[in-house]
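Listed in order, the protein sequences are those of chains A, B, C and D. Those letters in the first sequence? Residues 17 to 336, per the numbering used here, in order. Those letters in the second sequence? Residues 17 to 336, per the numbering used here, in order. Those letters in the third sequence? Residues 17 to 336, per the numbering used here, in order. Those letters in the fourth sequence? Residues 17 to 336, per the numbering used here, in order. Scroll down for the structure; my scribbles are underneath it.
There are 4 protein chains.
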Amino acid sequence: MAVSELARSAESGLTDEQRAEIQALRERSAATRRAGSPGIEELLYLPLPVLDHGFVRVVDYMGDDGAIVQAARVSYGAGTKRKRDDAGLIKYLMRHRHTTPFEMCELKLHLKMPIFVARQHCRHRAASLNEISGRYSILDREFYIPRPEDLAKQTTVNRQGRGEVLEHEQALRVLELLKEDAARAYEHYEQLLDESRPENGEPGGFGLARELARMDLPVNLYTQMYWKIDLHNLFHYLSLRADAHAQYEIRVYADAMLRVVKAWVPLAYEAFMDYRMGAAELSAKGLAVVQRLIRGEKVEQADSGMSPGEWRELMETLEL
Amino acid sequence: MAVSELARSAESGLTDEQRAEIQALRERSAATRRAGSPGIEELLYLPLPVLDHGFVRVVDYMGDDGAIVQAARVSYGAGTKRKRDDAGLIKYLMRHRHTTPFEMCELKLHLKMPIFVARQHCRHRAASLNEISGRYSILDREFYIPRPEDLAKQTTVNRQGRGEVLEHEQALRVLELLKEDAARAYEHYEQLLDESRPENGEPGGFGLARELARMDLPVNLYTQMYWKIDLHNLFHYLSLRADAHAQYEIRVYADAMLRVVKAWVPLAYEAFMDYRMGAAELSAKGLAVVQRLIRGEKVEQADSGMSPGEWRELMETLEL
Amino acid sequence: MAVSELARSAESGLTDEQRAEIQALRERSAATRRAGSPGIEELLYLPLPVLDHGFVRVVDYMGDDGAIVQAARVSYGAGTKRKRDDAGLIKYLMRHRHTTPFEMCELKLHLKMPIFVARQHCRHRAASLNEISGRYSILDREFYIPRPEDLAKQTTVNRQGRGEVLEHEQALRVLELLKEDAARAYEHYEQLLDESRPENGEPGGFGLARELARMDLPVNLYTQMYWKIDLHNLFHYLSLRADAHAQYEIRVYADAMLRVVKAWVPLAYEAFMDYRMGAAELSAKGLAVVQRLIRGEKVEQADSGMSPGEWRELMETLEL
Amino acid sequence: MAVSELARSAESGLTDEQRAEIQALRERSAATRRAGSPGIEELLYLPLPVLDHGFVRVVDYMGDDGAIVQAARVSYGAGTKRKRDDAGLIKYLMRHRHTTPFEMCELKLHLKMPIFVARQHCRHRAASLNEISGRYSILDREFYIPRPEDLAKQTTVNRQGRGEVLEHEQALRVLELLKEDAARAYEHYEQLLDESRPENGEPGGFGLARELARMDLPVNLYTQMYWKIDLHNLFHYLSLRADAHAQYEIRVYADAMLRVVKAWVPLAYEAFMDYRMGAAELSAKGLAVVQRLIRGEKVEQADSGMSPGEWRELMETLEL
């Protein structure tokens, strides 16, 4: 997606004032002695659209691939000697779980996500976070309403996650219900907040405190936050949240972040994809099975020492 | 409140099975070589009621007042020499912010609180947390509905918090609205989850995945979690959440925890109340004002170097 | 090793007073409603000897295998239903990296280790720590002097670690040097500390502040600390420090802790050994190679997409 | 101190190659859309000299005063509206301990400090850290040798810290001893490492592994690390380590960092100095005494409810 396209699609949910503020930041340019990364500079401040009203927006970053190398060497100069050497060292660090140099890069994002997604998101404690306060602010009228094709039944395979998609007509009825509930909830929220005085026979509003009025709002309401995390902990987050087992509604945020990471630190991204995202962990028993299979032995679940569930997962990993 | 009374009042929201499970744990007794605290043993497993359906329930603890002393001395034996010496050392540690010995005591709680309270609660990152998952479980039909006397208007003093209480009739209308919305939300949640097949002309349920159906629920729904934290970080939590500026609905949880702490580590509790909860921090400018006041000088805000807001806060602190 | 044997060997480095303090704690017994683990009760307070003067000593613990299950289920009662079900759930949690329930168990150790080991040890930030202070205390005259068979040459394979053992005579000369240096360093430390006044023509001591005098001591001096960590973070520590690539002098501490964990939470220990310690992680490229090998293809490093180093590590993992 | 002067004094301990690397980074300049701070750009990469061979060197930073405001407002644009408003908001955040916005600024330093200082320094767990490894590298021959005027006796007031300075002659003798010990230790370190083969009747070196040879080195040897921390946690560090009770040898590092912070985020620095560094915390009992003193009452320790130690500290705070 080109940046112009990006900007267009993302701007849709923003007010004119917000667009102007972002534009002003985009036009800002100053000389710095700091390490920088051209790829992520291109993305700075732009809201990358996620779900129907959400976004991932890079607000600031520290470091580049060279900063990882520089810290690993505790060097006086820049980390980068030759790009080839740097790539090798970064791969080595990733492979052997020397994680501290990856902590030397830092990313700050502005995120807009539904509350129920934010609740999963905030379980990652190694990040700094500043969220809009419903005690202080009146929250915006924006709710997550899924696309029909994202409405799925409870899975029957395990006890968590989604199975087949709802039939179209059923999906439309679900969406109708969600939309009505969202509209009513916000209307009630406004009534509760309404500070107007009784006048001309009109009863006047309740003027309820914001911290109380918000309790009537559902968890598909959008919230916003600044979120800052180092690259090591971001990789940990991504390995869990960009995974196929993560709920779709958080996975799309992780996918947008993966795109940011690729633009920011391409060498670290490549190492991460090879050694983490695409990697497979074999248990001691699983490793023994693999060794036997490579020697040409025939192995069955019954003589593997593994449970049926483990065996199924192993066969999927090995594509057998 | 006596324990029997406690147990009675708290049991109200529990199923028979849950009461039996708690009773079984209460009757459990084993010999241990570990340090123990009689005060908190008395409370173990009992749900201390908070709000209309919530509770704070001690599930486990590690250490006592002596464990703080023992760690501060890196000792081979028990911390306790004489109770008087221990009290003096604990006060000294608290006063001089030697915080690591307080980390050597640990508390594990089972908490039941509304989602909007849990969202504030989970901002404390130095705790371990296991929450009921709406992806995996069907959530219970329990919503926080305030008492009329807890419904207050937005404050006019600053931009956050509550002011005067709503008139009784107004309050009743608000509660009616909250109750109706809660009932409807849960009914819709059940409809969305309903996996019944079309039969005899009945349309059948949507069978929507749990992770999706929950998005229609409001944030006054109750959630539950196991929450484990060390005493130092618990004190930090309490200094913020038992404070008069905290929202009432989280402050009542902090108050219940204060009661637990008092029963568990009475010496540390006393030091905390003197040096933290009841303490006042003077800024450099505020200290200068106090020194002048003690010398008998007349000081005005205008010549204090402080802003009007700071000055007002200082005068409140000094009860002038 | 039987407990009696243990006690005997460990007592060697302790003063009579310390032995008596430990004995008093061993004889302490109180009834508790808390979950307990008989295996670790057996070890409580005993110094498990490590290196020539060091130890690992369990001071307190919270939880057992059942506590992991209990937290995963956010249950009202004990975690344990049937031992077989618990084992299955614990394995599932370990396999799918659901790590938070493992944070619900906590271990407190008293450790005595050389400073250069403590410096590696303290890099693990998710632990609570209270170390003896050289500003406040006079440090004991105890230095780590390796056994001859532990003196090895710098490895030639990579740039870190040990290779072949020194010849015996060389080893003895090294030990002589280490012992002399340790003795001299402690003698100088005492001279620097000496607060005696000049008297009868004697010059008197320097009376140097403790925080300064200690700077002359080498990093093989023993230090002591209380160290508290939850089971999840302890497993992370052990996966790094009980690994063959860890320095021998820290690995022996990790080995002693493994023994503690096995006695404390046998089900979690077993899952950890299968899914972490004995597990193998294959990169995306490594997995592709394994899939080809199982299909009976012949694969060479040159057409594997892997570097020579990665290839060698993969072949070692597969025992090819 | 001017930057030129700074550069000169700091370069003294560096090799030509290191100076050239720093110079190359100083001359680097690139355009960025990121927020920047002119004051800290001026300091970037320069080693600020600390003790005889140590330094504090800014390697990278993220954010400025505006970034604190921006996060507090969860805003779409830059934080800065008017400098005056920003200052007011930053003071408000600091005064009311709204700490998360301060976490949104990040600082990365290259530090060179004696091991015994690094050991205190590394107790601050909320930082990222990459230290030179004695397993991998041969450590440099650089030891901290205090100035004569920094050699002081053990204090007699409390049990920790320094009292009066040693007499000059005594000081010189201490320094002689420290220098000799340092020289001998490094000589032995080199002998242990020496990998030369026996030749022409020469015995050859021991070739001991680096991870073992280092154990003979004293804790006044210099080590180096990259250290990254957010502004909130840096303020916490500084409130403890720039305090008069901190050991002189770490306080000088904190002082150098204070200078960096002042150049980087002047508004936050000012708020920190007023509300933290120069602030005084009164206990509940202390506050009651102050209220009585302001009312003109005469208060004695005996009727204050405070211990003699607390009373003395209060009188010092109030300059009475």
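Backbone N, C-alpha and C define an ideal beta-carbon position, used for all residues, glycine too. Model, not experiment: these values are computed from the prediction.
Query                                                                                                                          : Result
Beta-carbon proximity of Gly-217/B to Asp-210/B, cut-off 8 Å                                                                   : no
DSSP-derived helix/strand/coil call for Thr-116/D                                                                              : helix
Residue from Glu-265/D, Glu-206/D and Gly-294/D with nearest C-alpha to Phe-251/D                                              : Gly-294/D
Residues within the segment 212–239 of chain C neighbouring chain D, beta-carbon criterion of under 8 Å                        : Phe-222, Gly-223, Leu-224, Ala-225, Arg-226, Glu-227, Leu-228, Arg-230, Met-231, Asp-232, Leu-233, Pro-234, Val-235 and Asn-236
Beta carbon proximity, Gln-34/C to chain A, threshold 8 Å                                                                      : no
Local Cβ density within 10 Å of Val-173/B, reported as buried at 16 or more and exposed below that                             : exposed
Under the three-state DSSP convention, the category Leu-233/B falls into                                                       : coil
Min CB distance His-252/A to chain B below 8 Å                                                                                 : no
Contacts of Lys-169/A in chain B (Cβ-Cβ under 7 Å)                                                                             : Gly-223, Leu-224 and Ala-225
8 Å Cβ cut-off: residues of chain D touching Val-306/B                                                                         : Val-306, Ile-310 and Leu-334
Contacting residues, own chain, Cβ-Cβ under 6 Å from Ala-198/B (five flanking each side not counted)                           : Phe-159
Status (buried if at least 16 other CB within 10 Å, exposed otherwise) for Pro-130/D                                           : buried
Below-8 Å beta-carbon distance, Pro-415/D vs any chain A residue                                                               : This structure leaves residue 415/D out entirely; chain D is present only between 17 and 336.
Distance cut-off 7 Å: His-204/D Cβ against heavy atoms of the ligand GTP                                                       : Absence of the ligand GTP from the depicted structure is noted, as is the absence of any ligand whatsoever, leaving it without description.
Listed by chain order, chain C residues near Ala-134/B by CB distance under 8 Å                                                : Near Ala-134/B there are no residues of chain C at all, since even the closest Cβ is about 13 Å away, more than 8 Å.
Pro-282/C (DSSP reduced to helix, strand or coil)                                                                              : helix
Identity of the residue in Glu-185/C, Leu-155/C, Ile-148/C and Ser-149/C nearest Arg-163/C by Cα                               : Glu-185/C
Proximal residues to Met-17/C (C-beta, below 6 Å), its chain only, five neighbours per side dropped                            : Note on Met-17/C: pLDDT 43, under 50, position unreliable in the model; the coordinate value appears next. For Met-17/C, where only same-chain residues beyond five positions count, there are no Cβ hits under 6 Å.
Touching by the beta-carbon criterion (3+ pairs, under 8 Å), the segment 229–238 of chain A and the segment 187–201 of chain A : yes
Span of the alpha helix (DSSP H) around Phe-132/C                                                                              : 131–137
Rounded separation between Ile-161/A and Val-66/D - CA only                                                                    : 58 Å
Test: Asp-197/D CB closer than 8 Å to a CB of chain C                                                                          : yes
Cβ neighbour criterion (16 or more within 10 Å) applied to Leu-224/D                                                           : buried
Opposing strand residues paired with Arg-49/D [DSSP bridges]                                                                   : Partner(s): none; Arg-49/D has no beta bridge.
Best match in Arg-308/D, Ala-134/D and Cys-121/D for proximity to Ile-266/D [C-alpha to C-alpha]                               : Ala-134/D
Distance between Glu-297/C and Gly-14/C (C-alpha atoms, nearest Å)                                                             : Here chain C comprises residues numbered 17 to 336, so residue 14/C is not present and cannot be evaluated.
Residue from Tyr-269/D, Ile-310/D, Gln-307/D and Arg-100/D with nearest C-alpha to Arg-257/D                                   : Tyr-269/D
Span of the beta strand (DSSP E), counted from its first residue to its last, around Tyr-242/B                                 : 238–246
Neighbour-count burial assignment, Met-120/C, 16 or more Cβ in a 10 Å radius                                                   : buried
Delimiting residues of the beta strand (DSSP E) encompassing Tyr-77/D                                                          : 70–78
Residue-chain proximity (Ile-148/B, chain A), Cβ-Cβ < 8 Å                                                                      : no
Residue closest to Arg-84/A, alpha-carbon to alpha-carbon, out of Gln-317/A, Leu-283/A and Gln-207/A                           : At residue 84/A the sequence reads Ile, which differs from the Arg that was named. Nearest of Gln-317/A, Leu-283/A and Gln-207/A to Ile-84/A, Cα basis: Leu-283/A.
Segment contact flag, the segment 35–48 of chain A with the segment 33–48 of chain D, C-beta cutoff 8 Å, min 3 pairs           : yes
Anticipated Cβ contact below 8 Å, Thr-116/B with Leu-145/C, distance rounded                                                   : 6 Å
Cut-off 8 Å between Cβ atoms - residues of its own chain near Glu-227/D, not counting five sequence neighbours on either side  : Gly-150 and Arg-151
Segment contact flag, the segment 315–322 of chain B with the segment 87–95 of chain B, C-beta cutoff 8 Å, min 3 pairs         : no
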